[in-house]
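Novice:
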Amino acid sequence: MKNKYWVRGEVTAIILNSPRYGRMETLISNRKLPLAQSYEGTWYANWSPITNSFYCAGRIKLPDGRISTVYLHRWITNCPQNRQVDHFNNTTLDNTDGNLRIVSRSGNQQNRARNQRNNTSGARGVSWDKRSQKWVAAVVLQGKTKYIGRYDTVEEADQAVKKARAKFMPYSKEASVELRTP
Numbered sequence: 010m011k012n013k014y015w016v017r018g019e020v021t022a023i024i025l026n027s028p029r030y031g032r033m034e035t036l037i038s039n040r041k042l043p044l045a046q047s048y049e050g051t052w053y054a055n056w057s058p059i060t061n062s063f064y065c066a067g068r069i070k071l072p073d074g075r076i077s078t079v080y081l082h083r084w085i086t087n088c089p090q091n092r093q094v095d096h097f098n099n100t101t102l103d104n105t106d107g108n109l110r111i112v113s114r115s116g117n118q119q120n121r122a123r124n125q126r127n128n129t130s131g132a133r134g135v136s137w138d139k140r141s142q143k144w145v146a147a148v149v150l151q152g153k154t155k156y157i158g159r160y161d162t163v164e165e166a167d168q169a170v171k172k173a174r175a176k177f178m179p180y181s182k183e184a185s186v187e188l189r190t191p
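Using the working numbering, you'd call the opening residue of the sequence shown number 10 and step up by one each time.
1. Once the 5 residues before and after residue 116 are set aside, which same chain residues still bring their CB inside 7 Å of it?
2. In the DSSP assignment, the beta strand (DSSP E) including residue 99 goes from what residue to what residue?
3. Taking residue 22 as the reference, which of 87, 105, 84 has the closest Cα?
4. Just how far apart, CA to CA, sit residue 191 and residue 141?
5. From the DSSP output, in three-state form, read off residue 153 for me.
6. In three-state DSSP terms, what is residue 189?
7. Measure the Cβ-Cβ separation of residue 48 and residue 55 and say whether it is below 7 Å.
8. Is it buried or exposed, residue 102, if we count other Cβ atoms within 10 angstroms and call 16 or more buried?
9. According to DSSP, is residue 106 part of a helix, a strand, or is it coil?
10. Does the contact criterion of 3 or more C-beta pairs under 8 Å hold for the stretch 64-74 versus the stretch 131-140?
11. Could you tell me which residues DSSP puts in a beta bridge with residue 143?
12. Between the C-alpha atoms of residue 172 and residue 159, what's the straight-line distance to the nearest angstrom?
13. Roughly how many whole angstroms lie between the Cα atoms of residue 24 and residue 184?
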């Protein structure tokens, strides 16, 4: 690793310099520092329009000569190709052990930070039903929509959705699951 870094107690801050975005830092647990240092290039900040956030990334040359992007959170967790790394607090530059967990795609979706772009209620999983003139609460589990109920206020529907996520979605914040260190 060619980046400068500072050890701050049990956490290491890796400096990411970008001509386009300026200087920022990513955090890792000290015990993962040797893994981050095993990368021979320079880690940089990579903007993701999908999550509207930065990730720490690098580039490696593949045996066939192509260049590929690698992500620090996958690098330090040795995440298998068929799995994803969830940033529990949704801060994508926080790559500390307590914030990362290896999950399925479905598990990662359970911990989404934002509403979908077409959401107009302001509450995740809540939509307006013109026909009944009520707010509908629903969660999506493994690609299937599970309707929770219809409510007079968006707040009631939001509370119902949060209870449903706690019950049916073990990787959501509402479920308060014990974080597993990768």
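Every residue gets a Cβ at the ideal spot worked out from N, C-alpha and C, and that includes glycine.
Specialist: According to the data block:
1. Excluding five sequence positions before and after residue 116, the CB atoms of its chain that fall closer than 7 Å to its own CB belong to 95, 180, given in chain order.
2. Per DSSP, residue 99 belongs to no beta strand (DSSP E) and is neither H nor E.
3. Checked all of 87, 105, 84; the closest Cα to residue 22 is 105.
4. With a pLDDT of 45 at residue 191, under the threshold of 50, the modelled position of that residue is not reliable, and the figure given next carries that caveat. Taken atom to atom, the span from the alpha-carbon of residue 191 to that of residue 141 is near 46 Å.
5. It is a strand residue.
6. Residue confidence is low: residue 189 scores 41 on pLDDT, short of 50, so the model does not pin down where it sits. No coordinate-derived value is stated.
7. Result no, Cβ atoms of residue 48 and residue 55 do not sit closer than 7 Å.
8. The residue in question, residue 102, is buried, as its Cβ has 16 or more Cβ neighbours within 10 Å.
9. The three-state secondary structure of residue 106, taken from DSSP, is helix.
10. Not touching, per the Cβ criterion.
11. As DSSP reads the structure, residue 143 sits in a beta bridge with 138.
12. Linking residue 172 to residue 159 through their CA atoms gives a straight-line distance of about 14 Å.
13. Whole-angstrom Cα-Cα distance: 34 Å.
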